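Residue 106 in our numbering sits at position 119 of the sequence shown, and the numbers go up by one each step. Glycine included, C-beta positions come from ideal geometry on N, C-alpha and C. Remember, it's a predicted structure, so these values are computed and weren't measured experimentally. Just below is one structure, and these are the notes that go with it.
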Amino acid sequence: MRRHPDAVTLVFAIALATLAACSTGPRTGTTSVPGRGAIAVEVAPNPIVATRTSGTMFEFPFDVIVRETGGRPVTVTQVTATVFGPAGLNLGRENWDAAKIRALGFNTDIPASGELRYRFAPRREVPDERFIESLSAELRVDAVDDSGAATSASTKVTVRR
């Protein structure tokens, strides 16, 4: 299957921003156990609003908010982004483990009942702007609490002009 190069670039930008996940409104999916660490992820705004900066260059500004909701410190172990195009066509998947996330300069530790917020405004060339509104992504964040118990959260994000 051939991937659209601009879609892969946008996937990278969205997933990078999802350091620790994404969404606005209700969580798409969260797994946790009472008394253990849990996370919630949000992207604001959702949908992400693509703004033309010049010619075929667009900016995609958004914040990623990751909250610990179970009352115990957690460490993000992996972020996964799967990007979809028209008709739900899978355009690609990117994974970042904790080491890669830290290498990008981001913290992976969230204190009990704490929050991390990341601001991103990637700029990407988009030769055909009609493609923008057909993009969506599913973002998943996996983490462990201080006792080693696993938790995860996922959400969906869309893009518009």
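As assigned by DSSP and simplified to three states, the class of residue i
i	result
Ala25	coil
Phe93	coil
Gly75	helix
Val131	strand
Phe118	helix
Ala137	strand
Same chain, Cβ closer than 6 Å to residue i, five either side skipped, listed in chain order
i	result
Ala27	Arg14, Arg54, Thr56 and Ala140
Residue i classed as buried or exposed, judged by whether at least 16 other C-beta atoms fall within 10 angstroms
i	result
Glu116	exposed
Cys9	Legend: pLDDT at Cys9 = 35, less than 50; position of this residue unreliable, no value from coordinates given.
Within 8 Å, strictly: CB atoms of residue i and residue j
i	j	result
Thr64	Asn82	no
Ala129	Arg59	The identity of residue 129 in the sequence shown is Asp, whereas the question assumes Ala. Result no, Cβ atoms of Asp129 and Arg59 do not sit closer than 8 Å.
Ser121	Pro73	yes
CB contact check: residue i to chain D, cutoff 8 Å
i	result
Val128	Annotation note: the requested chain D is absent from the structure, which comprises a single protein chain.
Inter-residue Cα distance where the pair is residue i and residue j
i	j	result
Phe118	Leu126	20 Å
Ala136	Thr40	44 Å
Glu112	Thr38	11 Å
Contacts around residue i, its chain only, beta-carbon distance under 8 Å, and the 5 residues preceding and following it disregarded
i	result
Ile97	Ala7, Ile26, Val53, Arg54, Glu55, Pro60, Val61, Thr62, Val63, Leu103 and Ala130
Close-in-space but distant-in-sequence residues of the same chain around residue i (CB under 7 Å, 5 per side omitted)
i	result
Ile211	The question about residue 211 has no answer, for the chain in this structure spans -12 to 148.
Asn77	Thr69 and Phe71
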